[in-house]
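Each protein sequence line maps, in turn, to chains P and L. Throughout the first sequence, residue numbering follows the working numbering, covering 22 to 335 in sequence. Throughout the second sequence, residue numbering follows the working numbering, covering 22 to 335 in sequence. In this text, a Cβ means the ideal position worked out from N, Cα and C, and glycines have one as well. What follows is a set of notes on a single structure, which appears directly below.
There are 2 protein chains.
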Amino acid sequence: MSRYGVHFAAGLPQSVQIYEVGARDGLQNEQRPVPTAVKTEFITRLAGAGLTTVEATSFVHPKWVPQLADAGEVVDALRGLSGVRLPVLVPNEAGLRRALDHGVTDIAVFVSATEAFSRRNLNRTVAESLAMTEQVITGAREAGGDRISVRGYVSMCFGDPWEGETSIDAVVGVGSRLLEMGCYELSLGDTIGVGTPGHVRRLIAAFGEAGHPASRLAVHFHDTYGQALANTLAALQSGVRTVDASAGGLGGCPYAKSATGNLATEDLVWQLHGLGIDTGVDLDALVRTSLWMADHLGRPSPSRVVRALAAENG
Amino acid sequence: MSRYGVHFAAGLPQSVQIYEVGARDGLQNEQRPVPTAVKTEFITRLAGAGLTTVEATSFVHPKWVPQLADAGEVVDALRGLSGVRLPVLVPNEAGLRRALDHGVTDIAVFVSATEAFSRRNLNRTVAESLAMTEQVITGAREAGGDRISVRGYVSMCFGDPWEGETSIDAVVGVGSRLLEMGCYELSLGDTIGVGTPGHVRRLIAAFGEAGHPASRLAVHFHDTYGQALANTLAALQSGVRTVDASAGGLGGCPYAKSATGNLATEDLVWQLHGLGIDTGVDLDALVRTSLWMADHLGRPSPSRVVRALAAENG
Numbered sequence: 022m023s024r025y026g027v028h029f030a031a032g033l034p035q036s037v038q039i040y041e042v043g044a045r046d047g048l049q050n051e052q053r054p055v056p057t058a059v060k061t062e063f064i065t066r067l068a069g070a071g072l073t074t075v076e077a078t079s080f081v082h083p084k085w086v087p088q089l090a091d092a093g094e095v096v097d098a099l100r101g102l103s104g105v106r107l108p109v110l111v112p113n114e115a116g117l118r119r120a121l122d123h124g125v126t127d128i129a130v131f132v133s134a135t136e137a138f139s140r141r142n143l144n145r146t147v148a149e150s151l152a153m154t155e156q157v158i159t160g161a162r163e164a165g166g167d168r169i170s171v172r173g174y175v176s177m178c179f180g181d182p183w184e185g186e187t188s189i190d191a192v193v194g195v196g197s198r199l200l201e202m203g204c205y206e207l208s209l210g211d212t213i214g215v216g217t218p219g220h221v222r223r224l225i226a227a228f229g230e231a232g233h234p235a236s237r238l239a240v241h242f243h244d245t246y247g248q249a250l251a252n253t254l255a256a257l258q259s260g261v262r263t264v265d266a267s268a269g270g271l272g273g274c275p276y277a278k279s280a281t282g283n284l285a286t287e288d289l290v291w292q293l294h295g296l297g298i299d300t301g302v303d304l305d306a307l308v309r310t311s312l313w314m315a316d317h318l319g320r321p322s323p324s325r326v327v328r329a330l331a332a333e334n335g
Numbered sequence: 022m023s024r025y026g027v028h029f030a031a032g033l034p035q036s037v038q039i040y041e042v043g044a045r046d047g048l049q050n051e052q053r054p055v056p057t058a059v060k061t062e063f064i065t066r067l068a069g070a071g072l073t074t075v076e077a078t079s080f081v082h083p084k085w086v087p088q089l090a091d092a093g094e095v096v097d098a099l100r101g102l103s104g105v106r107l108p109v110l111v112p113n114e115a116g117l118r119r120a121l122d123h124g125v126t127d128i129a130v131f132v133s134a135t136e137a138f139s140r141r142n143l144n145r146t147v148a149e150s151l152a153m154t155e156q157v158i159t160g161a162r163e164a165g166g167d168r169i170s171v172r173g174y175v176s177m178c179f180g181d182p183w184e185g186e187t188s189i190d191a192v193v194g195v196g197s198r199l200l201e202m203g204c205y206e207l208s209l210g211d212t213i214g215v216g217t218p219g220h221v222r223r224l225i226a227a228f229g230e231a232g233h234p235a236s237r238l239a240v241h242f243h244d245t246y247g248q249a250l251a252n253t254l255a256a257l258q259s260g261v262r263t264v265d266a267s268a269g270g271l272g273g274c275p276y277a278k279s280a281t282g283n284l285a286t287e288d289l290v291w292q293l294h295g296l297g298i299d300t301g302v303d304l305d306a307l308v309r310t311s312l313w314m315a316d317h318l319g320r321p322s323p324s325r326v327v328r329a330l331a332a333e334n335g
């Protein structure tokens with residue numbers, strides 16, 4: 022795809038780390054069960070396409086997300102896969118125990134920046150959620166010490182369907198607590214996709230003022246209002262070097278009323294490679310993987326790049 | 022919509038001029054005839070939503086674009102509309118005569134940056150196309166003097182389906198000729214949507230080096246690969262103040278094989294208002310107009326903002 026690539030002059034990085042969430046965030050809202058073997062082949066193909074961090078599943082209680090009831094089997098099946106980190110989401114201490122039983126050392130935790138989403142999605146206040154998360158991190162450290170790495174997600178960092186715009190202070194408050202608890206990185210989520218580039222820059226600057234440099238931050242944008250890539254560009258210009266994306270644009274937020282969800286990894290890679298930024302990803306192999314997954318799910322990928330390249334080659 | 026708005030710090034403008042192309046570029050590839058009365062109501066509603074420049078139609082030969090055979094009737098019907106500029110596209114001298122007969126004073130001309138597209142789309146070389154365009158501009162000046170304003174479009178400024186990446190020298194060469202012929206503004210078109218932000222900045226910088234400041238440039242992005250808004254942000258950061266967009270994301274390039282086309286005006290407005298940039302546009306009124314037009318065309322708008330807000334309100 023580099024035939025359209027042109028190098029950028031203005032302070033962008035040489036390379037960007039993509040944190041691939043399609044297998045977890047992308048599949049968790051699928052209504053029809055996806056066979057475990059399809060999930061593990063998906064993850065194996067993603068790793069084969071050059072993605073070096075692939076969130077594999079979530080040890081959430083199967084009652085809440087039946088689709089991911091096979092989290093342990095997925096982790097077990099992928100044990101031989103090398104050259105790729107396979108973090109898993111862990112919502113609470115019960116989930117942590119299950120993850121540890123399967124030998125996981127790379128976990129992610131999440132907290133909402135807004136009270137409304139916290140109460141509705143997690144059935145607890147932000148403070149209660151932070152306290153629970155601290156127990157998870159403490160438990161992980163007791164079990165595995167420094168072998169365990171913990172990533173923190175903050176949801177609804179830009180707006181919330183009930184509260185409107187999220188205050189920057191609220192996000193920095195929650196995020197700072199997660200970093201102080203020992204998260205190596207914070208992923209700032211625009212769960213309903215309402216953010217715009219100026220808001221992104223202000224939020225990252227506010228973390229800087231609170232003593233947390235952009236190198237500790239990742240961004241997690243949804244394309245509900247079409248803003249995800251412009252927001253990504255703003256984040257890169259602010260010094261962020263890790264970007265979450267979902268292969269084929271799989272998934273979305275059930276709390277946002279529109280159909281469009283996660284930033285598609287292919288759309289991100291097209292932009293980054295066009296900017297001359299290395300990702301290590303083979304875009305053609307990734308597109309083939311997303312087309313294969315779309316076949317399994319029985320509907321076309323919402324990724325514009327997947328559709329455009331499929332049309333070009335078909 | 023300003024509840025999600027946050028002001029931007031880094032050198033962006035206070036306001037942006039939107040050049041609305043939905044009524045011409047958006048409708049020209051519609052297969053089913055759109056009644057003249059629907060077109061004029063569409064344009065009247067767009068003006069009512071605060072758009073101050075609405076390209077109304079094209080005086081192309083009806084044999085090539087039957088959909089726009091009613092160009093003269095559209096212009097006549099809108100004569101009483103105030104507070105809005107209604108430029109029309111004029112492909113050649115015959116089109117110019119028809120436009121002048123209907124009292125038009127605001128025209129647009131277009132040339133391809135690449136030989137392959139010029140030969141396939143216009144059946145002539147770039148040099149022949151420039152010579153024809155010069156005759157059109159000369160004819161317009163002879164007929165109307167300084168009362169006539171001429172905008173220049175350059176197509177395929179970033180890539181071309183046959184030639185791959187377009188050379189920046191080729192674009193600057195063609196564009197400079199159009200400006201020297203007397204175009205007040207140049208719209209740089211990414212007709213197949215393959216450009217990325219670094220390429221945008223390099224192209225605008227190259228025009229600057231050739232003596233043409235960004236204030237003379239507009240950008241015209243297609244969202245085929247999802248890059249249109251990130252490219253717009255890069256263009257604004259390079260000093261561009263006029264952005265082409267199509268209400269509801271209507272239209273697209275028949276030479277690009279994917280379905281997604283023009284940058285949707287709503288998606289652009291969401292970003293600009295979020296950045297604290299004034300457009301003069303009432304987003305809710307614009308969304309209602311695009312929903313009304315989508316009803317007439319019998320298919321949903323591809324604009325993400327239109328879909329998200331329709332879901333939110335419906």
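Nearest-angstrom Cα separation, counted from residue j out to residue i
| i | j | result |
| --- | --- | --- |
| L/SER267 | L/SER322 | 11 Å |
| P/ASP265 | L/LEU121 | 54 Å |
| L/PRO275 | L/ASN50 | Its pLDDT being 49, under 50, L/PRO275 is placed unreliably by the model, and the measurement read from it follows with that caveat. Distance between the alpha carbons of L/PRO275 and L/ASN50 is about 8 Å. |
| L/GLN35 | L/ILE64 | 26 Å |
| P/ARG145 | P/SER133 | 10 Å |
| L/TYR246 | P/LEU257 | 19 Å |
| L/GLY301 | L/LYS60 | 22 Å |
| P/LEU209 | L/LEU110 | 45 Å |
| P/LEU293 | P/GLU41 | 15 Å |
| L/ALA226 | L/GLY295 | 26 Å |
| L/CYS149 | P/LEU307 | Checking the displayed sequence, the identity of residue 149 of chain L turns out to be Glu instead of Cys. Approximately 43 Å between the Cα atoms of the pair. |
| L/ALA70 | L/ASP305 | 8 Å |
| P/LEU200 | P/GLU230 | 14 Å |
| L/GLN88 | L/HIS317 | 15 Å |
| P/VAL221 | P/SER324 | 23 Å |
| P/ALA285 | P/THR135 | 25 Å |
| P/ALA129 | P/ILE39 | 15 Å |
| P/GLY124 | P/GLY93 | 10 Å |
| P/VAL55 | P/TRP291 | 28 Å |
| P/GLY43 | P/ALA315 | 12 Å |
| L/GLY196 | L/THR159 | 17 Å |
| P/GLY203 | P/LEU289 | 29 Å |
Residue interval of the beta strand (DSSP E) (run including residue i)
| i | result |
| --- | --- |
| P/ILE39 | 38-41 |
| P/PHE242 | 238-242 |
| L/THR310 | It is not in any beta strand (DSSP E) - L/THR310 instead sits in the alpha helix (DSSP H) that spans 304-318. |
Check: residue i C-beta below 7 Å from any heavy atom of the ligand PLP
| i | result |
| --- | --- |
| P/VAL326 | What this structure holds is no ligand at all, so the ligand PLP is not there to describe. |
In DSSP terms, what residue i is bridged to
| i | result |
| --- | --- |
| L/LEU110 | L/SER79 and L/ALA129 |
| P/THR74 | P/ARG106 |
| P/ASP299 | P/SER36 |
| P/ASN283 | P/HIS243 |
Host alpha helix (DSSP H) of residue i (start-end)
| i | result |
| --- | --- |
| L/ALA266 | Note, L/ALA266: premise wrong, no alpha helix (DSSP H); beta strand (DSSP E) at 263-266. |
| P/ARG325 | 325-334 |
| L/THR57 | 57-69 |
| P/HIS294 | 286-295 |
| P/TRP97 | A small correction: the amino acid at residue 97 of chain P is Asp; Trp does not occupy that position in the sequence shown. 92-98 is the extent of the alpha helix (DSSP H) around P/ASP97. |
Inset, instruction - Quick one: which unbroken beta strand (DSSP E) runs of 3-plus residues sit fully inside the region 204-256 of chain L? Chain order, please. - result: 206-211 and 238-242
Inset, instruction - Check whether the region 323-330 of chain P touches the region 98-106 of chain P, taking contact to mean three or more Cβ pairs, one atom from each stretch, closer than 8 Å. - result: no
Legend entry - Secondary structure, alpha helix (DSSP H): runs of 4+ residues fully inside the region 136-203 of chain P: 147-165 and 189-201
Inset, instruction - With 7 Å as the limit, tell me which residues of the region 217-235 of chain L have their beta carbon closer than that to any beta carbon of chain B; keep them in chain order. - result: This model lacks chain B altogether; the protein chains it does include are P and L.
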